[in-house]
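The opening position of the sequence shown corresponds to residue 1 in full-length UniProt numbering, with each subsequent residue numbered one higher. Glycine included, each C-beta is placed from N, C-alpha and C at the ideal position. Just so we're clear, the structure is a prediction, and the values are computed from it rather than from any experiment. Before any comments, here is the structure.
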Amino acid sequence: NSNSVESSNNKKVNLNHLLNFTYQSIEQDTGRHHHHKFAPKYSHFNKTQFIQANCQFIVKEGTDYSAHLADSDLPINWDLVEKVNMWACDAPSCPICLYEPQVAKITKCGHIYCWPCILHYLSLDTKMGRKCPICHEPVVKAELKSVSVYSDVAHETQCVVSMQLMKRERGSAVAIPVVSNNPAKNTLFDISACRYTGGFSTAVKFLISSANQVKDDIVNLELGQLNFKLATETDELEKIYIELAVELCKERMALLTASIQGADVTWLSFNYIVPYFSVVLDMTSQSNSVDCETNNPPDESTDGTDHQTPSSSPANQFYYFYQSKDGQHIYLHPINTKCLMHQYGSLENCPTEITAKIMEMEGFTMNEATRKRHRYLWHLPISLEFRIAELDLRPPLVTTATLAFFRESLERRAGQRKKRARDEKRVLRRAQNEQMRKEGKYPAARICLESQKQFPR
C-alpha cells in the first residue's frame with residue numbers, strides 16, 4: 001500500500017527499522033567532533049597523485065625529469081607515461097570479467113581492466129568516453145596505459161625481514177643503498193641502469209625508456225598476448241574487441257617505428273654537421289687563447305681543478321635510514337634506530353644489512369604532519385602508503401649492554417603490545433556475542449561431563 005510508505009504530506013518515510021539493520025552515519029559520527037579541539041583531520045588526495053605516489057612510471061625519453069629529483073610531489077604529464085608498474089601482495093582481478101586481467105590496461109583513476117573488456121565497455125556508448133565502472137571518473141580510450149602488477153612478499157608480525165641501510169642527500173628526493181655505487185643523477189631514471197640494482201629499482205618512481213625499449217619490451221609483448229588470446233577465444237563477440245585491441249597495438253607500433261626512424265635521421269645529420277663546426281670552433285679557440293695569454297695573466301684561483309663538494313662529504317649532509325631490502329616501503333622503527341646508534345655511534349657506521357624478526361608493524365599514509373614527524377622520509381611523496389616495523393634486535397647485532405640501556409623503553413612497548421592484543425580480543429569477542437544475540441544464538445554452556453561437582457555420582 002502506497003499510503004503506508006508515504007506520510008500525509010507525500011514525503012517518504014524511512015523503513016530501515018523493518019530490515020532489522022542499522023548503521024552509524026558518517027556525517028553524524030564526524031559531526032559530533034566537528035567543533036572539538038582535537039578532532040581528527042582527514043586528508044583528501046587526488047587519484048592521479050595517489051597512483052603516482054604508489055606506482056612506478058616508465059616514461060618517454062626526450063623530456064627533462066630533473067625537477068622530480070628534488071620534488072617527489074611534482075605531478076607528471078599522463079601523456080608521457082608509457083607503462084605503469086605496481087606491486088601488490090594479492091593479484092588483482094578485472095572488475096568486468098572478474099578474472100585475472102589479460103593484456104592489462106590501467107585508467108587514469110587507477111583501476112585495472114582487461115584491454116578487450118574495457119574496449120567492449122567503452123564501445124557501448126557513442127560518446128568519446130564513459131565513466132569508470134568503479135569510481136565513475138571519465139575514462140577515455142586514448143588515456144589507457146599498459147600496466148604490470150608484480151607480487152610482493154607479505155611481511156607480517158613474527159616474520160623475518162631483511163633491511164638495508166639507505167642514504168639520501170638533503171634536498172634530494174632520491175634515496176640509494178649505501179653499498180651501491182652512486183650513479184649519476186640522469187642515469188637513476190634510465191630503465192637499463194636500474195636493472196642491476198635488484199629490489200632497489202622498485203623504489204625508483206620514474207624510469208626513462210627509449211622508443212626501442214617500449215617497442216620490444218611492452219608493445220611486442222602485448223601484441224603476442226593478444227594474438228594468442230585471439231587464437232584461443234571461442235566467443236565471436238569477444239573476438240571483435242580483441243581484434244580492435246590488436247589494431248590499436250599495431251598503430252602504437254607504427255608510431256614508435258616512425259619516431260625511431262626520425263631519431264636515426266636526426267642522429268646521422270648531427271654526426272655529419274658536428275665535425276664541421278668542431279673545426280671552426282678549434283680555430284676560433286686557438287685565436288682566443290693567444291689573446292688571453294697576452295692580455296690576462298693566469299689567476300691562481302682558476303687552476304683547472306674542480307671546486308665542487310668532495311665525495312667524502314660530512315655525514316650531516318645525508319640522511320641514513322633502514323628500508324626493506326626487497327624495495328617495499330617498510331622502514332625501521334625509531335627505537336631500533338636508537339639502539340643501533342648507541343651501539344655503533346652513528347647510522348653511517350651501522351651494518352649495511354640487518355635481519356631480524358618483526359615484533360610490531362604500523363601503517364601510515366604520508367601527509368604533511370607525518371612528513372614533519374619523520375624528516376628522513378621527506379623524499380616519500382604525499383599519499384604514499386608505508387609501514388614502520390619494530391624489530392627484535394638480538395646479539396651479536398647489538399650487545400646485551402645496549403639492550404639493558406634501552407630495557408625500560410623496550411619493556412614498555414612490549415607491555416603496550418600485550419595490552420592492545422588483549423583489547424582487540426575483548427572487542428572481537430564482544431562483537432561476536434552481540435551478533436549472535438541479534439541472530440537469536442547464545443554461546444553454549446561450559447559443562448564438563450567429567451566434573452564431579454556438576455555431575456556427582
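Buried/exposed call for residue i, threshold 16 Cβ in 10 Å
| i | result |
| --- | --- |
| Q416 | exposed |
| V179 | exposed |
| G327 | buried |
| A231 | exposed |
| I242 | buried |
| Y65 | buried |
Straight-line gap, residue i to residue j (C-alpha atoms, nearest Å)
| i | j | result |
| --- | --- | --- |
| A445 | A389 | 41 Å |
| D79 | L255 | 14 Å |
| I208 | R430 | 54 Å |
| N220 | F206 | 22 Å |
| T126 | C117 | 17 Å |
| L332 | Y376 | 11 Å |
| S409 | Y442 | 43 Å |
| L340 | S346 | 8 Å |
| D406 | T48 | One point to set straight first is that residue 406 is Phe, not Asp, in the sequence displayed. Near 43 Å, if we compare the C-alpha coordinates of T48 and F406. |
| S148 | E82 | 12 Å |
| I335 | L380 | 21 Å |
| E236 | V246 | 15 Å |
| E222 | K105 | 10 Å |
| I354 | M163 | 5 Å |
| A414 | Y150 | 35 Å |
| Y121 | R437 | 45 Å |
DSSP-derived helix/strand/coil call for residue i
| i | result |
| --- | --- |
| S259 | helix |
| E251 | helix |
| residue 464 | The structure shown has nothing for residue 464, since the chain only spans 1 to 457. |
| V153 | coil |
| T107 | coil |
| C339 | helix |
| R371 | helix |
| Q213 | helix |
| Y320 | strand |
| S123 | helix |
| L98 | coil |
| Y241 | helix |
| Q225 | helix |
| R437 | helix |
| C117 | helix |
| T234 | coil |
| A39 | Caution applies to A39, whose pLDDT of 45 falls short of 50 and renders its modelled position unreliable; the model cannot decide the point. |
| A91 | coil |
| E137 | coil |
The ligand MN heavy atom lying under 8 Å from the CB of residue i
| i | result |
| --- | --- |
| I96 | In the structure shown, the ligand MN is absent, as is every other ligand, since no ligand is present at all. |
CB contact below 9 Å: residue i versus chain B
| i | result |
| --- | --- |
| T126 | Absent from the structure: chain B. Only one protein chain is present. |
query = What residue ranges within the segment 62 to 88 form continuous beta strand (DSSP E) runs of no fewer than 3 residues, ordered along the chain?
reply = 81 to 88
request  = Entirely within the segment 373 to 434 and at least 3 residues each: give me those beta strand (DSSP E) ranges in chain order.
outcome  = 385 to 392
request  = Could you tell me whether the segment 49 to 61 touches the segment 382 to 400, where touching means 3 or more Cβ pairs closer than 8 Å?
outcome  = yes
message = Three Cβ pairs or more, each shorter than 8 Å: is that satisfied between the segment 92 to 101 and the segment 156 to 169?
response = No, they do not touch.
ask   = So does the segment 165 to 175 actually touch the segment 321 to 335, counting three or more Cβ pairs closer than 8 Å?
value = yes
ask   = Below 8 Å, can you find three or more Cβ-Cβ pairs linking the segment 61 to 74 to the segment 135 to 148?
value = The count of Cβ pairs closer than 8 Å, one atom from the segment 61 to 74 and one from the segment 135 to 148, stays below three, leaving the stretches out of contact.
query = Is the segment 209 to 217 touching the segment 58 to 70, taking contact as three or more C-beta pairs under 8 Å?
reply = yes
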